[in-house]
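Here's the structure, in structure tokens; my notes come after.
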Amino acid sequence: MTAMQPESLLDWAGPIANGALVTLQIAVLAYAIGLLLGLIGASAKLSPIPPLRALATGYSTLIRAVPELLLIILLYYAGGDAIEWLLSLFGLDSRIEISGFATAVGVLAFVQGAYMTEVFRGAIVAIPRGQIEAADAFGFSRWTRFHRIVLPGMWPNALPGLSNLWLILIKDTALISVIGFNELFFTIQQAAASSRAHFVFYAAAGAIYLLMTMTSTAIFERLERRVRRGEA
Amino acid sequence: MNYSWLSDPFYQEYLWTGFVNTLWLVAVSATAGLALAVLTALARLRGPRPIAWLASAYVTVIRGTPLLVQLFFFYYGVGRLMEGVPGLRESWFWPIVREPFFFGALTFTLSVGAYSGEIFRGAMQSVPAGELEAGRAFGLSPWQILYRLWLPRAFQIGLPSLTGEMILLLKSVPLVSTIAVMDLLQAANIVRDETFLVYEPLLLITGIYLAIVILLTLVMRTVERSFPGVRATQGRWLPMRRL
Numbered sequence: 000m001t002a003m004q005p006e007s008l009l010d011w012a013g014p015i016a017n018g019a020l021v022t023l024q025i026a027v028l029a030y031a032i033g034l035l036l037g038l039i040g041a042s043a044k045l046s047p048i049p050p051l052r053a054l055a056t057g058y059s060t061l062i063r064a065v066p067e068l069l070l071i072i073l074l075y076y077a078g079g080d081a082i083e084w085l086l087s088l089f090g091l092d093s094r095i096e097i098s099g100f101a102t103a104v105g106v107l108a109f110v111q112g113a114y115m116t117e118v119f120r121g122a123i124v125a126i127p128r129g130q131i132e133a134a135d136a137f138g139f140s141r142w143t144r145f146h147r148i149v150l151p152g153m154w155p156n157a158l159p160g161l162s163n164l165w166l167i168l169i170k171d172t173a174l175i176s177v178i179g180f181n182e183l184f185f186t187i188q189q190a191a192a193s194s195r196a197h198f199v200f201y202a203a204a205g206a207i208y209l210l211m212t213m214t215s216t217a218i219f220e221r222l223e224r225r226v227r228r229g230e231a
Numbered sequence: 000m001n002y003s004w005l006s007d008p009f010y011q012e013y014l015w016t017g018f019v020n021t022l023w024l025v026a027v028s029a030t031a032g033l034a035l036a037v038l039t040a041l042a043r044l045r046g047p048r049p050i051a052w053l054a055s056a057y058v059t060v061i062r063g064t065p066l067l068v069q070l071f072f073f074y075y076g077v078g079r080l081m082e083g084v085p086g087l088r089e090s091w092f093w094p095i096v097r098e099p100f101f102f103g104a105l106t107f108t109l110s111v112g113a114y115s116g117e118i119f120r121g122a123m124q125s126v127p128a129g130e131l132e133a134g135r136a137f138g139l140s141p142w143q144i145l146y147r148l149w150l151p152r153a154f155q156i157g158l159p160s161l162t163g164e165m166i167l168l169l170k171s172v173p174l175v176s177t178i179a180v181m182d183l184l185q186a187a188n189i190v191r192d193e194t195f196l197v198y199e200p201l202l203l204i205t206g207i208y209l210a211i212v213i214l215l216t217l218v219m220r221t222v223e224r225s226f227p228g229v230r231a232t233q234g235r236w237l238p239m240r241r242l
């Protein structure tokens, strides 16, 4: 009669821990790609070339104005179709299934990139004008100026925004469950439905996310103290 | 792009209901949430120690967990428990309380209360102490100081951030489609399931959301401008995400 036993949190501990791990993997990867997109976006937004500026402004404005869940659903379909179309352009088999993991990472990274663009743009603009001029006066090339002066000078300004975005990203990963990918919250939903102990499982989900966000906050606080160590 | 389904009165009604519900949800949660935010800020700043601690725990938990998880927690978790409470099913408010719309509004209200509560707390702390002392010097009661000096000034200081909060609230509305509230996304999902058109309904409601966001921004900017002593946020019509 073990089948009639109500399922408890303990029975689901394994799948839930696994889901939490998947969630963290999605978040870390999406964050890394988002950082890259944000740097490119911010450079484009600050570049002297008008079409580049327009493109970056359109990207960051549009993405930030549309609800995340809507974007995730839209990009979930559009991403798949776009890749299929690209593959067919090269005459490759269009029957390739894109993994749910890649979709989740791609979609979240694309959304993060738009917000990162704004964070980086603000952080770069906040670098004192004199530092850039000093680099020019020393005859730095554009690239040297970027990676020796702009990047290091920008981090302290960008960090509060970046820490904020990381917390949002962790919370946004729960939205991925809506498109049916098996991460933490999707696992929790299955557990809750199968055990009928909705209250317990959703409270546990909250506790796990809270643990992730609070740990992250503590880490980012230390990081911020570190990048600001030279300041008064 | 095939938009012929738009002429179907059934789909028109779904979309209209979704639109109205979206606006209702924002209006209800914004009103109740801002009231809760003021109470939260007050509790954290002036409340006795246990109440201040409780308020800060509430803020930490709400801000540290995904809104979707909160929504499921209240709708499925608390909702199921409520069904078991004796007498509740017979009470006059049961028809309201069992609706998914109620749980959506409840969750969003708690969310606005926590996020805006932090904004309010910061804004109330930035009101110069001298202004409140001036109130005391004029013989105002603590209550008068609160609602004639402290709160209006805090509102003035926090208004640009609150504008951002309202837009974020609007953007979280589609989440309620997961608990079967007929919002715009739910309407689009129905159209998608019945017509097998993926992009058309989603793009349509994306456009509607864009229009509402722009409209809301303009409305909030007018509020900011007409509020004495507030400099409207210039040029930036989209908020940065939550702080």
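Note that the protein sequences, when read in sequence, are chains A and B. Sequential numbering from 0 applies to the first sequence in numbering that gives the first Met the number 0. Sequential numbering from 0 applies to the second sequence in numbering that gives the first Met the number 0. Built from N, CA and C at the ideal position, the CB exists for glycine as well.
Can you confirm whether residue i, when its beta carbon is compared against all beta carbons of chain A, has any partner nearer than 8 Å?
i, result
"residue 79 of chain B", "yes"
"residue 10 of chain B", "no"
"residue 231 of chain B", "Residue confidence is low: residue 231 of chain B scores 47 on pLDDT, short of 50, so the model does not pin down where it sits. No coordinate-derived value is stated."
"residue 71 of chain B", "yes"
"residue 75 of chain B", "yes"
"residue 22 of chain B", "no"
"residue 68 of chain B", "yes"
"residue 38 of chain B", "no"
"residue 234 of chain B", "Because the pLDDT at residue 234 of chain B is just 44, under 50, the model does not fix this residue reliably, and the value given afterwards should be weighed accordingly. Taking Cβ atoms only, chain A never reaches closer than 8 Å to residue 234 of chain B, which makes this a no."
"residue 105 of chain B", "no"
"residue 87 of chain B", "no"
"residue 184 of chain B", "yes"
"residue 242 of chain B", "With a pLDDT of 39 at residue 242 of chain B, under the threshold of 50, the modelled position of that residue is not reliable, and the figure given next carries that caveat. Residue 242 of chain B counts as touching chain A."
Which one of the options has the shortest CA to CA distance from residue i?
i, options, result
"residue 130 of chain A", "A:37, A:74, A:144 and A:169", "A:144"
"residue 54 of chain B", "B:86, B:41 and B:164", "B:41"
"residue 208 of chain B", "A:156, A:117, A:63 and A:177", "A:63"
"residue 41 of chain A", "A:59, A:31 and A:109", "A:59"
"residue 130 of chain B", "B:90, B:152, B:113 and B:57", "B:152"
"residue 198 of chain A", "B:72, B:35 and B:16", "B:72"
"residue 123 of chain B", "B:157, B:88 and B:10", "B:157"
"residue 162 of chain B", "B:213, B:196, B:172 and B:11", "B:213"
"residue 31 of chain A", "A:164, A:210 and A:201", "A:164"
"residue 119 of chain A", "A:79, A:150 and A:103", "A:150"
"residue 57 of chain B", "A:224, A:220, A:6 and A:209", "A:209"
"residue 17 of chain A", "A:47, A:185 and A:89", "A:185"
Throw me the rounded Cβ distance for the residue i and residue j pair, which I believe falls under 8 Å.
i, j, result
"residue 68 of chain A", "residue 174 of chain A", "5 Å"
"residue 183 of chain A", "residue 207 of chain A", "7 Å"
"residue 108 of chain B", "residue 26 of chain B", "In fact, because the Cβ distance is near 11 Å, the residues do not count as touching under 8 Å."
"residue 213 of chain A", "residue 63 of chain B", "6 Å"
"residue 211 of chain B", "residue 160 of chain B", "With a Cβ gap of about 20 Å, residue 211 of chain B and residue 160 of chain B do not count as contacting."
Can you tell me where the alpha helix (DSSP H) with residue i in it begins and where it stops?
i, result
"residue 48 of chain B", "48-63"
"residue 39 of chain B", "8-45"
"residue 30 of chain A", "12-44"
"residue 197 of chain A", "197-226"
"residue 119 of chain A", "99-124"
"residue 213 of chain B", "198-225"
"residue 172 of chain A", "Segment: none, residue 172 of chain A is in no alpha helix (DSSP H) and carries neither H nor E."
"residue 84 of chain A", "67-88"
"residue 229 of chain A", "Counting along the chain, residue 229 of chain A falls outside any alpha helix (DSSP H), and DSSP gives it neither H nor E."
"residue 135 of chain A", "128-136"
"residue 113 of chain B", "99-125"
"residue 0 of chain B", "Per DSSP, residue 0 of chain B belongs to no alpha helix (DSSP H) and is neither H nor E."
"residue 188 of chain B", "183-194"
"residue 192 of chain A", "183-194"
"residue 132 of chain B", "128-136"
"residue 93 of chain B", "93-96"
"residue 60 of chain A", "49-64"
"residue 73 of chain B", "Residue 73 of chain B -> no alpha helix (DSSP H), and no H or E assigned at all."
Using 8 Å as the limit for Cβ to Cβ distance, is residue i near chain B?
i, result
"residue 205 of chain A", "yes"
"residue 232 of chain A", "With chain A represented from 0 up to 231, any question about residue 232 of chain A goes unanswered, as that position is not in the structure."
"residue 69 of chain A", "yes"
"residue 41 of chain A", "no"
"residue 185 of chain A", "no"
"residue 190 of chain A", "no"
"residue 81 of chain A", "no"
"residue 202 of chain A", "yes"
"residue 198 of chain A", "yes"
Return yes when the C-beta of residue i is under 7 Å from any heavy atom of the ligand NAP, and no when it is not.
i, result
"residue 185 of chain A", "With respect to small molecules bound, the structure shown includes none, and the ligand NAP cannot be examined in it."
- [ ] Could you list the residues in the stretch 55-66 of chain A with a C-beta less than 9 Å from some C-beta on chain B, going in chain order?
- [x] 59, 60, 61, 63, 64, 65 and 66
Open item on the list: Against chain A, which members of the stretch 205-222 of chain B pass a CB distance test of less than 7 Å?
Closed with: 205, 208, 209 and 212
Task: Residues of the stretch 163-179 of chain A with Cβ closer than 9 Å to any Cβ of chain B, in chain order - done: 163, 164, 166, 167, 169, 170, 171, 172, 173, 174, 176 and 177
Open item on the list: Against chain A, which members of the stretch 158-179 of chain B pass a CB distance test of less than 9 Å?
Closed with: 166, 169, 170, 171, 172, 173, 174, 176 and 177
Open item on the list: Tell me which residues of the stretch 52-65 of chain B have at least one Cβ-Cβ distance to chain A shorter than 7 Å, keeping chain order.
Closed with: 60, 63, 64 and 65
Task: Contacting positions in the stretch 205-230 of chain A - beta carbon closer than 7 Å to chain B - done: 205, 208, 209, 212 and 213
Task: chain A contacts from the stretch 107-134 of chain B (Cβ-Cβ distance under 8 Å) - done: none
Open item on the list: To be precise: take each residue of the stretch 187-204 of chain B, compare its Cβ to all Cβ atoms of chain A, and keep it if any distance is under 9 Å. Which residues remain?
Closed with: 187, 188, 197, 198, 201, 202 and 204
Open item on the list: By the 9 Å beta-carbon criterion, what residues does the stretch 2-32 of chain A contribute toward chain B?
Closed with: none
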